[in-house]
Amino acid sequence: MNFNFHNDSIRGVLRSFGHEDAEVDNIETFVTFARLANGIFREMDTDFSKLGASQGRIIVLSLLHCHSPHRMTPSELAEKADVTRGTMTGLIDGLERDGMIERVAHESDGRMVTVGLKEAGRELLSKIVPYYTKLIRSCMSEFTPQDHKMMKGLLGKMKGGFERSLPKC
Numbered sequence: 001m002n003f004n005f006h007n008d009s010i011r012g013v014l015r016s017f018g019h020e021d022a023e024v025d026n027i028e029t030f031v032t033f034a035r036l037a038n039g040i041f042r043e044m045d046t047d048f049s050k051l052g053a054s055q056g057r058i059i060v061l062s063l064l065h066c067h068s069p070h071r072m073t074p075s076e077l078a079e080k081a082d083v084t085r086g087t088m089t090g091l092i093d094g095l096e097r098d099g100m101i102e103r104v105a106h107e108s109d110g111r112m113v114t115v116g117l118k119e120a121g122r123e124l125l126s127k128i129v130p131y132y133t134k135l136i137r138s139c140m141s142e143f144t145p146q147d148h149k150m151m152k153g154l155l156g157k158m159k160g161g162f163e164r165s166l167p168k169c
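Following the UniProt record's numbering, the numbering of the sequence shown begins with 1 at its first residue and continues without gaps.
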């Protein structure tokens with residue numbers, strides 16, 4: 001991936017509109033970060049689709065695995081995964097159709113359902129974990145312990161700025 005071509009273009013456009021170098025640096029850093037993250041997720045999605053998985057499906061299976069042997073309600077899953085209930089319903093429907101999870105009537109309230117992990121879901125996770133481990137090891141191979149600490153701090157600052165930019169509801 002070559003970020004420099006795009007960053008040179010962006011830098012030129014911003015300067016032509018009178019932006020200061022500090023703002024150009026902010027935007028260049030942000031765009032580089034966003035493009036890298038997008039590239040990583042795009043490659044992961046391509047690899048996951050070969051296994052019949054997606055980021056969303058893996059998150060649901062991981063939550064259920066960590067919560068096992070207890071089951072979770074769809075609304076609990078949606079909250080923990082930070083997605084809408086509608087999105088979670090679609091994920092659950094697909095995972096259930098593929099035999100990865102099962103819906104069972106809630107033990108104390110028959111109007112509700114709970115969701116549990118089936119063996120096929122555990123098997124998919126067992127294929128995904130080595131992939132994640134290898135990818136992360138490769139991406140982080142040149143980081144020192146000091147780099148990790150610095151990166152966590154910088155990402156924390158970026159997250160804080162992003163959260164401050166969100167509309168207050």
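Idealized CB from N, CA, C, for every residue including glycine.
Bear in mind the structure is a predicted one, so any value in this text is a computation, not a measurement.
Counterpart residues of residue i in DSSP-defined beta bridges
| i | result |
| --- | --- |
| G94 | Answer is none; G94 lacks a bridge partner. |
Integer Cβ distance of residue i from residue j, believed to fall under 8 Å
| i | j | result |
| --- | --- | --- |
| G121 | I101 | 6 Å |
| K127 | L51 | 6 Å |
| S54 | D47 | Actually they do not touch by this definition, with Cβ atoms about 11 Å apart. |
| D27 | L14 | Correcting the residue identity first, residue 27 is Ile in this sequence and not Asp. Confirmed, Cβ separation roughly 6 Å. |
Beta-carbon spacing of residue i, residue j below 7 Å
| i | j | result |
| --- | --- | --- |
| T133 | T73 | no |
| R71 | G110 | no |
| V129 | L91 | no |
| K80 | L64 | no |
| M88 | L77 | yes |
| R11 | V24 | yes |
Residue i beta carbon near the ligand COA (any heavy atom closer than 6 Å)
| i | result |
| --- | --- |
| E76 | No copy of the ligand COA occurs in the structure displayed, which carries no ligand at all. |
- Item | Entirely enclosed alpha helix (DSSP H) segments - the UniProt domain "HTH marR-type" (26 to 160), minimum 4 residues | Fully enclosed alpha helix (DSSP H) runs of 4 or longer: 55 to 67, 74 to 81, 85 to 97 and 119 to 139.
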